[in-house]
Amino acid sequence: MDQKQAHLCVIEMCKQYGDLISYRMGSQLMVAVNSYDLLKEIMEDENYTGRPRLPFLDRVTQGCGIFFTEGESWSQQRRLAMRSLRDFGFARTRSAEMVDAQVDIIFQLLEAAADNGDHIRTLEAFTEATNGVIAQLTLGRRYERGEKEFIYLNETIKAFFNTSFLLSMPLLFPSLDVIVRTLPASSSFNNLVFGLQDFVRNQVNQRKEIVDDSMEPECLCDRDAAVKNVVTMRHSRSTKSSRGVVEFFVAGTDTTARSLEWLVVLMAVFPAIQDKVHEELIRVVGSERRPLTSDKSELNYTLAVIEESFRFVSLVAIGVMHRAKQDAIFHGYRIPKDSIILPCTYGINHDSRIWAKPDEFYPEHFLNEKGAYTGHGKNVPFMIGRRACPGEGLARMEVLLVFSAIMQRFRVTLAPEYVGKEAEILKGSYGILRQPGDYKLSVQKR
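Start counting the sequence shown at 1; every next residue gets the next number (UniProt numbering).
Right under this line is the structure:
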């Protein structure tokens, strides 16, 4: 099985044998789900909320956080995190203001490229912007571009997504862990995680020096201190807090930045669609101010383009793995305890039974006959069910505000040397996330 195209192999097996199949990789039983309706049902079942047992992750998370834990620990930590985030206007006005401030960083790059005729890639600017939003939301810090601590943060998050696949081998062959834990890649990963936790802990301690009990909490860490006696667990509050913040950075940065990168690349490849987005923005918003979340209800085509980019790209080809916590029967099939559930998100997002033109970039998938946005429907960019992405609201809001601000002010095209290479750019490649093929963009001010 080609590691970089494994999702296509799994999808082909599903087409041949059915939407629910099982196969073994090493000693591990995998259960692939390639139907939206089946996936929705299985993801709502508490039995399948477990996470695979990955020793290299267990060693650094130690039961803390919400992305790699399960059971009561996961449930309590998720509830506390979501309640805290809601208190700070998560995906609402306050977060929108944070995003708007980060748009300035992106505009600096685009304006310089337009003025100088430079050909650029956009990922770095998008990464800095999304990191900036999460830093302000969780740590109460607004970093300046070029600041030493911000550079460290950006470089460390980037390194997470280059983690060697060898660390996951004990999932398939458990006895290999005694070897894997001695590899340089294992030490590097541990240093990354613990280094970032120490960084977060230091930021929190600095925050404590300027915050007292009489002040209203301004970020997640302030809120955590205010409710420190609400939940009593075997881990210290500071450890849970720092690991929770680390998870928000890792999960919320590269995914949002890559989504924005893909959107801008798609607009360069499909200029007619780009023009329609710009025309809608000028009609609804005008050119005197940036788009706001309050404009959302009138930005039907823009929302459809964003949703279609999520579907078409399928940033994560196989969704985050789940684990069956007990033996179970599902639609007549026995699923043994500790089976790994693989959500075939790429297959669902390209299912001809759902989508009129599954292999084309077609925003009309999310518009009705009157041109009104119909919602995300059976698109699954943030997964579904009990373990759906807790940051979906923030991510959608960031993508809308950043993308619409760019389309309002700028026109992007492929640099001349990349014209004619559209198919290669759109094919891209998969690591942890799908990335476009080699490209550079030209930018013009509107």
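The beta-carbon is built from N, C-alpha and C at its ideal position, and this holds for glycine as well. Note that the coordinates shown come from a computational prediction; the quantities given were computed from them, not determined experimentally.
- For PRO174, the secondary structure class from DSSP, reduced to helix, strand or coil, is helix.
- If the five residues before and after TYR152 are omitted, its C-beta is found closer than 8 Å to the C-beta atoms of PHE199, all from its own chain and listed in chain order.
- VAL264 is a Cβ neighbour of ILE406, given a cutoff of 8 Å.
- Out of ASN162, PHE160, ILE329 and GLY391, the CA that lies nearest to the CA of GLU41 is found in ILE329.
- Within a 10 Å sphere around the beta-carbon of VAL419 sit fewer than 16 other beta-carbons, which makes this residue exposed.
- Restricting attention to SER294, VAL305, VAL31 and GLY26, the CA atom closest to the CA of CYS14 is found in VAL31.
- Using a 10 angstroms sphere on the CB of SER429, the tally of other CB atoms stays under 16, which defines it as exposed.
- Bridge partners of GLN444 according to DSSP: ARG411.
- Runs of the alpha helix (DSSP H) lying entirely within the region 272-323, each at least 4 residues long, are 300-313 in chain order.
- Taking C-beta atoms as the reference points, ALA159 and VAL443 fail to come closer than 8 Å.
- Of the residues CYS64, LEU110 and PHE403, the one whose Cα lies closest to the Cα of PHE248 is CYS64.
- Burial is judged here by how many other beta carbons sit within 10 angstroms of a residue's own beta carbon; ASN131 has at least 16 and is buried.
- When MET397, ASP327, ILE106 and LEU367 are compared, the shortest CA-CA separation from ASP45 is found for ASP327.
- Per DSSP, the continuous alpha helix (DSSP H) segment holding MET98 begins and ends at 93-116.
- One alpha carbon belongs to ILE306, the other to GLY385, and they sit about 22 Å apart.
- Around the Cβ of VAL178, a 10 Å sphere holds fewer than 16 other Cβ atoms; the residue is exposed.
- Taking GLU144 as the centre and dropping the five residues before and after it, the same chain places no C-beta closer than 6 Å to its C-beta.
- Straight through space, the alpha carbons of GLY140 and CYS219 are spaced by roughly 5 Å.
- Between the region 306-325 and the region 336-350, the count of Cβ pairs shorter than 8 Å is three or higher; the stretches touch.
- With contacts defined as CB atoms closer than 8 Å, VAL250 and ILE157 qualify as a contacting pair.
- One Cα belongs to THR122, the other to ARG334, and the distance between them is close to 47 Å.
- Under the 10 Å beta carbon count, ALA388 is surrounded by fewer than 16 other beta carbons and is classified as exposed.
- Under the DSSP definition of a beta bridge, PHE330 partners with TYR333.
- Runs of beta strand (DSSP E) with 3 or more residues, each lying fully within the region 19-53, are found at 20-25 and 28-33, listed in chain order.
- Between ARG51 and ARG323 the beta-carbon gap is near 6 Å, inside 8 Å, which marks them as a contact.
- Taking 8 Å as the cut-off, the beta carbon of LEU196 is found closer than this to the beta carbon of VAL246.
- Within a 10 Å sphere around the beta-carbon of GLN5 sit fewer than 16 other beta-carbons, which makes this residue exposed.
- Distances from the alpha-carbon of PRO174 to those of ASN116, GLU308 and GLY26 put GLY26 closest.
- When DSSP states are grouped into helix, strand and coil, PRO416 belongs to the helix group.
- Setting aside the 5 residues that flank it on each side, VAL193 is surrounded in the same chain by VAL60, each with a C-beta closer than 6 Å to its C-beta; the list follows chain order.
- At the C-beta level, MET397 and THR293 come within 8 Å of one another.
- PRO343: member of the beta strand (DSSP E) spanning 340-343, first to last residue.
- Separation of LYS421 and THR413 (C-alpha to C-alpha, rounded to the nearest whole angstrom) is 13 Å.
- For the set LEU54, VAL33, LEU109 and ASN34, the Cα lying nearest the Cα of LYS445 is the one of LEU109.
- Here LEU367 carries a strand assignment [DSSP, helix/strand/coil].
- As DSSP reads the structure, SER404 sits in no beta bridge.
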